[in-house]
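Going down the list, the sequences are from chains C and Y. Mind the numbering: the first sequence is residues 1 to 416 in the numbering used here, read in order. Mind the numbering: the second sequence is residues 417 to 528 in the numbering used here, read in order. Report on the structure given below.
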Amino acid sequence: MEITFELGYALDTFYFLMCGALVMWMAAGFTMLEAGLVRAKNTTEILTKNISLYAISCIMYMVCGYWVMYGGPDGLHAAVPFLDGILGDGVAEHGDTYAPSADFFFQVVFVATAMSIVSGAVAERMKLWAFLAFAVVLTGFIYPMEGSWTWGGQSVFGLYTLGDLGFSDFAGSGIVHMAGAAAALAGVLLLGARKGKYTVDGKVNAIPGANLPMATLGTFILWMGWFGFNGGSVLALASVESANAVAVVFLNTNAAAAGGLVAALVLARILFKKADLTMALNGALAGLVAITAEPSTPTALQATLFGALGGIVVVLSILALDKLKIDDPVGAISVHGVVGFLGLMLVPVTNDGALFSGQLIGALTIFVWVFVTSLIVWSIIKAVMGIRVSEEEEFAGVDISECGLEAYPDFTGGRV
Amino acid sequence: MKLVTAIIKPFKLDDVREAISEIGIDGLTVTEVKGFGRQKGHTELYRGAEYQVDFLPKVKLEIAVQDDHVDRLVEAIVGAAKTGKIGDGKVFVYDLEHAVRIRTGETDGDAI
């Protein structure tokens, strides 16, 4: 019996760690997707931004984020700042079936995902260091606070507890994706559109991305990493029951992405008469976001249809945001925000444990909290150091003004 | 001596090269260029927004020849590059004052 338990402990811990590594790889997916969808003159900066935000997320979640989210007297793991004590034995201290430090590792990559969502929306015009300053606050405080009300099980400022209201968000359509999009929306509203994106008479100018192979590779990487994102959120593997659950989650995650891609591809063909690649890529991601709130209870057909609904909503949302002159170069607010909300609202369709009212209250709680606090933080950063590069720097590209280096120097006349 | 410059459709480059070789002219310089004439550009689509591409890709050839070869050369280029559709390109002929082969120092007629 003891050996069986230890084997399960080892297997669950190993599964957690491998899924965490897959989610970490999503940071690479976001980086490639965003680098592909911006212009060549803004490539170095977006690469710098993405890998830096990943590192900042890891440090801030260690310093205080994990403690804010799961600590305190009622906290699940009674974690303290700087993770002191997390090295302990999960069995002896908490009755866990996996190592506590594996839990931290799995959680930390989710924070980075939320922050990655912001970077694409504010691309090509934001100051690098303003963005990184915001990353410190989002990953150290804003995200962990709403995380404590949801996965952490704490009450919202002592007023109500989301879990009691029938709120359920399996892997984070709302907690991770919509939260990232809410922070992005606050930033974009203060930042304004890229120069030349919208004409005075309301026309939308296309600003084509520089590298569509890279954007497609990024989408494939995200699709793959998502198996860790949703699959790992089952939190266990070492029993027939949990192994079955994991397999269903993998199956449904994949099905939803496929549904989202095909739906977006077909809708774009109907609307624009062409197969619009970047809309299709956004469609696949929308399918993934839509299923993330509940990938364990739908059938494969339902998952495909939920994903397809996400793919349709994302195309319409991208067009609508452009009408409102909210400039989002990669479609992050539509993919993660609008479809994140859709994902939350789809949970009660297949999961009896969730209520539409609970989902709505949960979504509003997350959105209002993240949007308002982000707006405050962006405003402070704007007042202190400014958030937007000068018009001249934007024209020349933020690679030179922020990083002093072009991504493709071969073509710029440098020697050798 | 003359310098013949031709702007042609990129996919016709191999045909033109063969036609030029057949009349005994060896040596040309090729540049990828962009521009527009009567063909104008075309529209492309990105994330639901159409945009105009004004400059289309073309290939520019530069060939230096003796005066008595010019007519045959122009005829070969036109024959090989023609599709009959708009955007086939143009041929320009200039007077060439002087030429030097760098390796040997030969000049003018001996250099081309």
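Where is the CB? At the ideal position from N, CA and C, for every residue including glycine. None of these values were measured; they are calculated from a predicted model.
Exercise for the section: Establish whether the CB of Gly457(Y) and some CB of chain B are separated by less than 8 Å. Expected result: Given the protein chain composition of this structure (C and Y), no chain B is represented.
Exercise for the section: Measure from the alpha carbon of Gly457(Y) to the alpha carbon of each residue in Arg463(Y), Glu466(Y) and Asp470(Y), then state which is nearest. Expected result: Across the set Arg463(Y), Glu466(Y) and Asp470(Y), the C-alpha of Asp470(Y) shows the shortest separation from the C-alpha of Gly457(Y).
Problem - Same chain, Cβ closer than 8 Å to Val494(Y), five either side skipped, listed in chain order - result: If the five residues before and after Val494(Y) are omitted, its C-beta is found closer than 8 Å to the C-beta atoms of Val507, all from its own chain and listed in chain order.
Problem - Secondary structure of Asp511(Y), DSSP reduced to three states - result: Here Asp511(Y) sits in strand by DSSP.
Practice task
Drop a sphere of 10 angstroms on the beta-carbon of Ile207(C), count the other beta-carbons inside from all chains shown, and report buried for 16 or more, exposed for fewer.
Solution key: Ile207(C) is buried by the Cβ-count criterion.
Exercise for the section: Can you tell me which of the three DSSP states Tyr98(C) falls into? Expected result: Here DSSP, grouped into helix, strand and coil, assigns Tyr98(C) to coil.
Practice task
Note down, in chain order, all residues in the region 272-285 of chain C with a beta-carbon under 7 Å from any beta-carbon belonging to chain Y.
Solution key: Hits within the stretch, in order: Phe272, Lys274, Asp276, Thr278 and Met279.
Handout entry: Nonlocal neighbours in the same chain, by C-beta distance under 6 Å from Thr43(C), ignoring five residues either side
Key = Ala35 and Ala407.
Handout entry: Val475(Y) vs Glu434(Y) beta-carbon contact at 8 Å
Key = Result no, Cβ atoms of Val475(Y) and Glu434(Y) do not sit closer than 8 Å.
Problem - Beta carbon of Ser57(C) nearer than 8 Å to that of Val111(C) - result: Yes.
Handout entry: Straight-line Cα distance separating Glu466(Y) from Ala492(Y)
Key = Ala492(Y) and Glu466(Y): Cα-Cα distance of roughly 39 Å.
Exercise for the section: Find out if the Cβ-Cβ distance for the pair Ala258(C), Gly307(C) is shorter than 8 Å. Expected result: For Ala258(C) and Gly307(C), yes; Cβs fall inside 8 Å.
Practice task
Output yes if chain Y places a C-beta closer than 8 Å to the C-beta of Pro208(C); else output no.
Solution key: So yes, Pro208(C) belongs to the interface.
Handout entry: Nearest-angstrom Cα separation, counted from Ile51(C) out to Met62(C)
Key = Each residue's Cα considered, the two are about 17 Å apart.
Exercise for the section: Give the straight-line distance between the Cα atoms of Thr350(C) and Ser357(C), rounded to the nearest whole angstrom. Expected result: The alpha-carbon atoms of Thr350(C) and Ser357(C) are separated by roughly 15 Å.
Practice task
Label Ala55(C) either buried or exposed according to how many other C-beta atoms from any shown protein chain fall within 10 Å of its C-beta, with 16 as the threshold for buried.
Solution key: Around the beta carbon of Ala55(C), fewer than 16 other beta carbons lie within 10 angstroms, which makes this residue exposed.
Handout entry: With 16 other Cβ atoms within 10 Å as the buried cut-off, status of Ile441(Y)
Key = The residue in question, Ile441(Y), is buried, as its Cβ has 16 or more Cβ neighbours within 10 Å.
Problem - Contact with chain C by Arg463(Y), beta-carbon distance below 8 Å - result: Yes, contact with chain C.
Handout entry: Residue interval of the alpha helix (DSSP H) (run including Ala320(C))
Key = Residues Ala300 to Lys323.
Problem - Contact list for the region 202-234 of chain C against chain Y, Cβ threshold 9 Å - result: Cβ contacts with chain Y come from Lys203, Val204, Asn205, Ala206, Ile207, Pro208 and Gly209.
Practice task
Sort Ala179(C), Pro298(C), Leu319(C) and Gly163(C) by Cα distance to Asn254(C) and report the nearest one.
Solution key: Checking every option, the nearest Cα to that of Asn254(C) belongs to Pro298(C).
Problem - Simplified DSSP assignment, three categories, for Gly505(Y) - result: Three-state result, Gly505(Y): strand.
Exercise for the section: Check Gln468(Y) in the structure and name its three-state DSSP category. Expected result: In the structure shown, Gln468(Y) sits in a strand (DSSP, three-state: E or B).
Exercise for the section: Could you tell me whether the region 99-115 of chain C touches the region 132-142 of chain C, where touching means 3 or more Cβ pairs closer than 8 Å? Expected result: Here the region 99-115 of chain C lies against the region 132-142 of chain C, with 3 or more beta-carbon pairs under 8 Å apart.
Exercise for the section: Specify, as a first and last residue, the run of the alpha helix (DSSP H) that Tyr15(C) falls within. Expected result: Glu2 to Leu37 is the span of the alpha helix (DSSP H), which, as asked, contains Tyr15(C).
Problem - 8 Å Cβ cutoff met for Phe170(C) and Glu294(C) - result: If you check the CB distance, Phe170(C) and Glu294(C) come in under 8 Å.
Handout entry: C-alpha gap between Asp74(C) and Ile376(C), whole angstroms
Key = Caution applies to Asp74(C), whose pLDDT of 49 falls short of 50 and renders its modelled position unreliable; the model cannot decide the point.
Problem - Three-state secondary structure (DSSP) of Leu419(Y) - result: Looking at Leu419(Y) - three-state DSSP - the assignment turns out to be strand.
Problem - Which listed residue (Gly228(C), Trp223(C) and Asp327(C)) has its alpha carbon closest to that of Gly287(C) - result: Of all alpha-carbon atoms in Gly228(C), Trp223(C) and Asp327(C), the one lying nearest the alpha-carbon of Gly287(C) is that of Trp223(C).
Exercise for the section: Would you kindly report the start and end of the unbroken beta strand (DSSP E) that includes Leu461(Y)? Expected result: It spans His458 to Tyr462 - the beta strand (DSSP E) in which Leu461(Y) sits, taken as one unbroken run.
Practice task
Determine the chain Y residues that contact Ile318(C) at a beta-carbon separation under 9 Å, and present them in chain order.
Solution key: Residues of chain Y passing the Cβ test: Arg463 and Gly464.
Practice task
Quick one: measure Cβ to Cβ for Ala290(C) and Leu316(C), integer angstroms, because I've assumed they're closer than 8 Å.
Solution key: The beta carbons of Ala290(C) and Leu316(C) sit about 14 Å from each other, so the pair does not count as a contact at 8 Å.
Practice task
Using the Cα positions of Val176(C) and Gly218(C), report the straight-line distance between them to the nearest angstrom.
Solution key: Rounded to whole angstroms, Val176(C) to Gly218(C) spans 19 Å at the Cα level.
Exercise for the section: From the DSSP output, in three-state form, read off Tyr408(C) for me. Expected result: Here Tyr408(C) carries a coil assignment [DSSP, helix/strand/coil].
Problem - Gly451(Y) - DSSP class collapsed to helix/strand/coil - result: Note: Gly451(Y) maps to strand in three-state DSSP.
Exercise for the section: Could you tell me whether the region 195-205 of chain C touches the region 9-24 of chain C, using the rule of 3 or more Cβ pairs below 8 Å? Expected result: Not touching, per the Cβ criterion.
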